[in-house]
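Some notes on the structure that comes next.
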Amino acid sequence: MTSHKDHKPHKTHDSQVDNEAETLADAEVAPGEPDPYAVLQALQTEVASLKDRNLRTLAEMENLRRRTEREVADAKIYGVANFARDMLTFNDNMTRALANVPADVRSAADPALQSFVEGMELTQRDFLSRLARHGVKPVVAQGAKFDPHLHEVLFEIPDESQPHGTVAQVMEEGYTIGDRVLRPAKVGTSKGGPKG
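The numbering of the sequence shown is numbering that gives the first Met the number 0, which starts it at 0 and goes up by one.
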């Protein structure tokens with residue numbers, strides 16, 4: 000059996016809370032000192048504000064990163080658009096030059112002229128393939144339904160055999176780069192046929 004001397008009373012949880020409350024009560028705010036509860040509340044408000052600002056900054060940075068990636072991708076695809084548009088004039092001139100050499104003249108021409116015309120055709124095909132490598136593709140217009148995003152109507156052709164608004168004649172080829180129109184096709188559409 001233990002002696003009465005050895006027995007020490009255990010503090011209960013309630014008595015510890017009471018002692019802490021007494022200690023806090025004893026530590027009353029000295030005059031001129033800020034209220035610790037007010038300071039704590041102000042610090043918690045500031046922490047919440049900083050967390051909110053941090054989250055907003057992170058969201059802004061993520062949006063900026065995405066926007067920059069999109070702009071870089073667009074620059075890669077569409078950066079050559081102005082140059083490509085200017086080069087389409089070269090292709091138009093090549094097409095007109097080749098169209099002005101009729102097939103009967105080609106077949107009756109001497110071998111040097113035939114080689115020259117074949118070389119021009121080869122040059123034009125190579126030029127178009129190089130444009131295609133950079134995303135420049137022709138708009139298929141002949142026989143297609145008129146699309147105001149891809150076609151520019153220059154005139155209407157009375158033709159009851161085709162649905163109204165069908166591209167009946169292409170005056171100048173149109174081109175796209177990526178998913179944008181580089182130059183609309185200049186066309187003539189049918190008029191008077193059944194509604195498409």
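Yeah, the Cβ is synthetic: ideal placement off N, Cα and C, and Gly gets one too.
- The DSSP assignment places complete beta strand (DSSP E) segments of no fewer than 3 residues inside the region 85 to 138 at 135 to 137, in order along the chain.
- Within the model, the alpha-carbon separation for A96 versus A72 is close to 37 Å.
- Distance from the CA of V139 to the CA of G173, rounded to the nearest whole angstrom, comes to 8 Å.
- If you check the CB distance, Q141 and V180 do not come in under 7 Å.
- Here DSSP, grouped into helix, strand and coil, assigns L54 to helix.
- Two segments are said to touch when three or more pairs of C-beta atoms, one from each, lie closer than 8 Å; by this definition the region 154 to 164 does not touch the region 110 to 123.
- In this chain, the beta strand (DSSP E) harbouring S189 covers A184 to K190.
- A Cβ-Cβ contact shorter than 7 Å links M93 with Q123.
- For the set P147, G78, H133 and I176, the Cα lying nearest the Cα of G164 is the one of P147.
- The DSSP assignment places complete beta strand (DSSP E) segments of no fewer than 3 residues inside the region 141 to 171 at 150 to 157 and 166 to 171, in order along the chain.
- The three-state reading of DSSP puts V79 in coil, since its state is none of H, G, I, E or B.
- Approximately 4 Å separates the beta-carbon atoms of Q168 and G187; this is inside 8 Å, confirming the contact.
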